[in-house]
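*Asks:* In order, the protein sequences belong to chains H and L. Counting from 1, position 47 in the first sequence corresponds to residue 46 in numbering that gives the first Met the number 0; the numbering is continuous, with no gaps. Counting from 1, position 30 in the second sequence corresponds to residue 29 in numbering that gives the first Met the number 0; the numbering is continuous, with no gaps. Note that the Cβ used here is the ideal one computed from N, Cα and C, for glycine as well. All values derive from a computational prediction rather than experimental measurement.
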Amino acid sequence: MRIPILKLNNYLLISIQTEIDDNTAIQFQEDLLNKIHQNGSSGVVIDLTSVEIIDSFIAKVLGDVISMSDLMGAKVVLTGIQPAVALTLIDLGIHLQDVPTAMDLEQGLVKLYQELGE
Amino acid sequence: MDGKLKEIVLENSDVIVQKWLEEINSDKEKSNIKSIPDELFETTNREFVNVIFRSIKNNMEPASVENFAEKVINLGWPLSYITDGLQVFRRVMVNYIVNQPAEQRDIADFTEVMKSVDDWLDPIIRQLVDEYTGSWEQTVSMQKVALQELSAPIIPLVDNITAMPLVGTIDTERAKLIMENLLDGVINHNSQVVLIDITGVPIVDTMVAHHIIKAAEAVRLVGATCILVGIRPEIAQTIVNLGIDLSKFPTQSTMEKGFRRALELTDRKIVEFDRKDENVENLIHSIKGE
Numbered sequence: 000m001r002i003p004i005l006k007l008n009n010y011l012l013i014s015i016q017t018e019i020d021d022n023t024a025i026q027f028q029e030d031l032l033n034k035i036h037q038n039g040s041s042g043v044v045i046d047l048t049s050v051e052i053i054d055s056f057i058a059k060v061l062g063d064v065i066s067m068s069d070l071m072g073a074k075v076v077l078t079g080i081q082p083a084v085a086l087t088l089i090d091l092g093i094h095l096q097d098v099p100t101a102m103d104l105e106q107g108l109v110k111l112y113q114e115l116g117e
Numbered sequence: 000m001d002g003k004l005k006e007i008v009l010e011n012s013d014v015i016v017q018k019w020l021e022e023i024n025s026d027k028e029k030s031n032i033k034s035i036p037d038e039l040f041e042t043t044n045r046e047f048v049n050v051i052f053r054s055i056k057n058n059m060e061p062a063s064v065e066n067f068a069e070k071v072i073n074l075g076w077p078l079s080y081i082t083d084g085l086q087v088f089r090r091v092m093v094n095y096i097v098n099q100p101a102e103q104r105d106i107a108d109f110t111e112v113m114k115s116v117d118d119w120l121d122p123i124i125r126q127l128v129d130e131y132t133g134s135w136e137q138t139v140s141m142q143k144v145a146l147q148e149l150s151a152p153i154i155p156l157v158d159n160i161t162a163m164p165l166v167g168t169i170d171t172e173r174a175k176l177i178m179e180n181l182l183d184g185v186i187n188h189n190s191q192v193v194l195i196d197i198t199g200v201p202i203v204d205t206m207v208a209h210h211i212i213k214a215a216e217a218v219r220l221v222g223a224t225c226i227l228v229g230i231r232p233e234i235a236q237t238i239v240n241l242g243i244d245l246s247k248f249p250t251q252s253t254m255e256k257g258f259r260r261a262l263e264l265t266d267r268k269i270v271e272f273d274r275k276d277e278n279v280e281n282l283i284h285s286i287k288g289e
């Protein structure tokens, strides 16, 4: 199972619609970084609206992907984190301190514009 | 053996009741039910003793004990009335039996008497105490529900801005509830800014601060911003003295300032219309023009 990555101008949109297992997460990490490299994207929105559970490994991979994308010059915004997921993340001590978040895709894109100063 | 004793007691119930009433009445002065009118006290005592005797006679009669317990609970009398009453009753009864002429009671063993009396009275005590504690537990659980309903209300102020006023002490259980309500409220009202008002929280210690920080971080993950408002001087002092770091999210002293900040964050501001001044100025202009 691979997570589809959509291209919108110089942004990438990812909507995670399934429960993610460890392999999917790793695969996603590679796919996204390759896509950023291919397209020279400057912004990424990862939408987690349909994700109900996140374990510590997935959370770590997400955090890693975000830092890696940052290194490659693409700003990442997380959107649609569910209350239960937020609680789990906080309880796990994963604060995603420097990652911008937004409630839905629309606001996420607005945030991305702001972050990139466009 | 037991039957024989029971016979004695039942036959001489009048004497025992009389003695019991005397003792109870003398006890009344000492206990904290002095304020009860004598008449009511008298009738309740009668009913009490009737219930006891009926239970002894029929080997326990839960319904009548239950009715009596309900009545005393409704009157709001203390549990000690019932336990003291039964203690006195036990004493009176044992005294009476032991003081009977030996051939009549037909027993030598004092422990036998005690055991029989215990067997009659213990179930009554148990049931009455159960009824009492049951009613207390019910009250406590009802209050708990009421408290929960009051504990974490979320109020939409304007589009995208909501407030959560917190009143009273925050413990771990309540903090959890607050957190859940907060996050659900943020999602349901689609709010970008949440104001948490802690004016009514008497003490902010490390634990409370920890919960608030956790809540604020969770809110940020969900995609909204948290503003902590209502920080009183003494709370500011405690927070700094305890070394709690609240620098990561915005704080304001009052709800009003917080609200203005929230409007700023959502690219809005309060515009005041001052028509009166304008009118006066126009008037002055027009006079000058002439």
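When Cβ atoms are compared, which residues of the region 81 to 114 of chain H fall closer than 7 Å to chain L?
*Replies:* Per Cβ criterion, the list reads Pro82, Ala85, Leu86, Leu88, Ile89, His94, Leu95, Thr100, Ala101, Met102, Gln106.
*Asks:* Do we get a CB-CB distance below 7 Å when we pair L:Glu216 with the residues of chain H?
*Replies:* For the purposes of this step, residue 216 of chain L is taken as residue 217 along the second sequence, with counting starting at 1. Closer than 7 Å to some Cβ of chain H, the Cβ of L:Glu216 qualifies, so yes.
*Asks:* How big is the Cα-Cα spacing for L:Ile294 and L:Ile96?
*Replies:* There is no way to answer for residue 294 of chain L, as the model of chain L reaches only from 0 to 289.
*Asks:* At a Cβ threshold of 7 Å, is L:Asp117 touching chain H?
*Replies:* As a working note, residue 117 of chain L is residue 118 in the second sequence. By this cut-off, L:Asp117 is not an interface position.
*Asks:* In whole angstroms, give me the CA-to-CA distance for L:Ser79 and L:Thr171.
*Replies:* Here residue 79 of chain L refers to the residue found at position 80 of the second sequence. Here residue 171 of chain L refers to the residue found at position 172 of the second sequence. Approximately 35 Å, taken between the alpha carbons.
*Asks:* At which residues does the alpha helix (DSSP H) containing L:Ser134 begin and terminate?
*Replies:* Within the second sequence, the letter at position 135 stands for residue 134 of chain L. Note, L:Ser134: alpha helix (DSSP H), 109 to 150.
*Asks:* Mind checking if L:Val221 is an interface residue toward chain H, Cβ cutoff 7 Å exclusive?
*Replies:* Locating residue 221 of chain L in the second sequence gives position 222, where the first residue counts as 1. Yes, because at least one Cβ of chain H sits closer than 7 Å to the Cβ of L:Val221.
*Asks:* Expressed to the nearest angstrom, what Euclidean distance is found between the alpha-carbon atoms of L:Phe258 and L:Thr198?
*Replies:* Taking the first residue of the second sequence as 1, we reach residue 258 of chain L at position 259. Taking the first residue of the second sequence as 1, we reach residue 198 of chain L at position 199. Rounded to the nearest angstrom, the two C-alpha atoms are 15 Å apart.
*Asks:* Pop quiz: L:Met254 and L:Val228 are said to be a contact at Cβ under 8 Å. What is the actual Cβ separation, rounded to whole angstroms?
*Replies:* The residue given as residue 254 of chain L occupies position 255 in the second sequence. The residue given as residue 228 of chain L occupies position 229 in the second sequence. Right, their Cβ atoms sit about 5 Å apart.
*Asks:* I'd like the ranges of any alpha helix (DSSP H) spanning at least 4 consecutive residues and lying wholly in the region 31 to 105 of chain L.
*Replies:* Runs of the alpha helix (DSSP H) inside the region 31 to 105 of chain L: 37 to 56, 61 to 74, 78 to 97, 101 to 104.
*Asks:* Grouping DSSP H, G and I as helix and E and B as strand, with all else coil, what is H:Ser40?
*Replies:* The count along the first sequence starts at 1 and reaches residue 40 of chain H at position 41. H:Ser40: coil per DSSP, three-state reduction.
*Asks:* With 9 Å as the C-beta to C-beta threshold (strictly closer), list the residues of the region 186 to 197 of chain L near chain H in chain order.
*Replies:* The residues in question are Ile186, Asn189, Ser190, Gln191.
*Asks:* Out of curiosity, what's the CA-to-CA distance linking L:Asp244 and L:Ile238?
*Replies:* Against the second sequence, residue 244 of chain L aligns to sequence position 245. Against the second sequence, residue 238 of chain L aligns to sequence position 239. Cα to Cα, the separation comes out at about 8 Å.
*Asks:* Taking a cut of 8 Å between CB atoms, which residues from the region 42 to 67 of chain H lie near chain L?
*Replies:* Taking 8 Å as the Cβ-Cβ cut-off against chain L, none of the residues of the region 42 to 67 of chain H qualify.
*Asks:* Counting only Cβ pairs nearer than 7 Å, list the residues of chain L close to H:Thr78.
*Replies:* Numbered from its first residue, the first sequence carries residue 78 of chain H at position 79. By Cβ distance, chain L contributes Gly222.
*Asks:* Are H:Leu111 and H:Gly42 closer than 7 Å when you measure CB to CB?
*Replies:* For the purposes of this step, residue 111 of chain H is taken as residue 112 along the first sequence, with counting starting at 1. For the purposes of this step, residue 42 of chain H is taken as residue 43 along the first sequence, with counting starting at 1. Closer than 7 Å, so yes.
*Asks:* Hey, H:Arg1 and H:Gln26: beta-carbon distance below 7 Å or not?
*Replies:* If you number the first sequence from 1, residue 1 of chain H lands on position 2. If you number the first sequence from 1, residue 26 of chain H lands on position 27. Contact flag set, yes.
*Asks:* Is there contact here, the region 88 to 106 of chain H with the region 51 to 64 of chain H, by at least three beta-carbon pairs under 8 Å?
*Replies:* Judged by Cβ distances under 8 Å, the region 88 to 106 of chain H makes contact with the region 51 to 64 of chain H, as three or more pairs qualify.
*Asks:* Where L:Ser34 and L:Val200 are concerned, what is the direct C-alpha to C-alpha distance, given to the nearest angstrom?
*Replies:* Within the second sequence, numbered from 1, the residue matching residue 34 of chain L stands at position 35. Within the second sequence, numbered from 1, the residue matching residue 200 of chain L stands at position 201. Near 39 Å, if we compare the C-alpha coordinates of L:Val200 and L:Ser34.
*Asks:* I'd like to know whether the C-beta atoms of L:Leu127 and L:Ile72 end up nearer to each other than 7 Å.
*Replies:* Walking along the second sequence from the start, residue 127 of chain L turns up at place 128. Walking along the second sequence from the start, residue 72 of chain L turns up at place 73. Contact: no.
*Asks:* Here's a check: name, in chain order, each residue in its chain whose Cβ is nearer than 6 Å to the Cβ of L:Lys18, leaving out the five neighbours to either side.
*Replies:* Along the second sequence, read from residue 1 onward, the residue named residue 18 of chain L stands at position 19. Answer for L:Lys18: Val91, listed in chain order.
*Asks:* Where L:Val157 and L:Lys256 are concerned, what is the direct C-alpha to C-alpha distance, given to the nearest angstrom?
*Replies:* Taking the second sequence and counting its residues from 1, the one referred to as residue 157 of chain L is at position 158. Taking the second sequence and counting its residues from 1, the one referred to as residue 256 of chain L is at position 257. So the alpha carbons of these two residues sit roughly 15 Å apart.
*Asks:* Determine the direct distance from the alpha carbon of L:Gln137 to that of L:Ala145, and round the result to whole angstroms.
*Replies:* For this step, residue 145 of chain L is matched to residue 146 along the second sequence. For this step, residue 137 of chain L is matched to residue 138 along the second sequence. Looking at the two C-alpha atoms, the distance is approximately 12 Å.
*Asks:* Closer than 7 Å, CB to CB, is L:Leu282 near chain H or not?
*Replies:* Residue 282 of chain L sits at position 283 when you count from the first residue of the second sequence. By this cut-off, L:Leu282 is not an interface position.
*Asks:* How long is the line joining the alpha carbons of L:Asp13 and L:Leu74, rounded to whole angstroms?
*Replies:* On the second sequence, position 14 is the one that residue 13 of chain L refers to. On the second sequence, position 75 is the one that residue 74 of chain L refers to. When rounded, the distance between both Cα atoms is 27 Å.
*Asks:* Write down every uninterrupted run of the beta strand (DSSP E) in the region 198 to 279 of chain L whose length is 3 residues or greater and which is fully enclosed by it, in chain order.
*Replies:* Whole beta strand (DSSP E) segments, 3+ residues: 224 to 228.
*Asks:* Let me check one thing: in DSSP terms, what residues is H:Lys74 bridge-paired to?
*Replies:* For the purposes of this step, residue 74 of chain H is taken as the residue at position 75 of the first sequence. Bridge partners of H:Lys74: H:Gly42.
*Asks:* So, is L:Glu280 buried or exposed, given that buried needs 16 or more other C-beta atoms within 10 angstroms?
*Replies:* Here the question's residue 280 of chain L lines up with position 281 in the second sequence. L:Glu280 should be labelled exposed.
*Asks:* Given that a residue counts as buried once 16 or more other Cβ atoms are within 10 Å of its Cβ, and exposed if not, what is H:Ser66?
*Replies:* Here residue 66 of chain H refers to the residue found at position 67 of the first sequence. That one is exposed.
*Asks:* Under the three-state reduction of DSSP, which class applies to H:Ile31: helix, strand or coil?
*Replies:* The residue you call residue 31 of chain H lines up with position 32 of the first sequence. First, the amino acid is wrong: residue 31 of chain H is Leu here, not Ile. Three-state DSSP puts H:Leu31 in a helix.
*Asks:* Using a 10 Å radius around the Cβ and a threshold of 16 neighbouring Cβ atoms, would you call L:Ser140 buried or exposed?
*Replies:* Your numbering for residue 140 of chain L matches position 141 in the second sequence. L:Ser140 comes out exposed.
*Asks:* Keeping to the same chain, check which residues put their C-beta closer than 6 Å to that of L:Ala214; ignore five residues upstream and five downstream.
*Replies:* Taking the first residue of the second sequence as 1, we reach residue 214 of chain L at position 215. Correct list, in chain order: Met178, Leu181.
*Asks:* Counting only Cβ pairs nearer than 8 Å, list the residues of chain H close to L:Glu179.
*Replies:* Within the second sequence, numbered from 1, the residue matching residue 179 of chain L stands at position 180. Going along chain H in sequence order, the residues near L:Glu179 (Cβ under 8 Å) are Pro82, Leu86.
*Asks:* So who's on the other strand from L:Pro164, going by DSSP bridges?
*Replies:* In the second sequence, residue 164 of chain L corresponds to position 165, counting from 1. L:Asp196, per the DSSP bridge assignment.
*Asks:* What is the DSSP secondary structure of H:Thr48, reduced to helix, strand or coil?
*Replies:* As a position in the first sequence, residue 48 of chain H is number 49, starting the count at 1. Here H:Thr48 sits in coil by DSSP.
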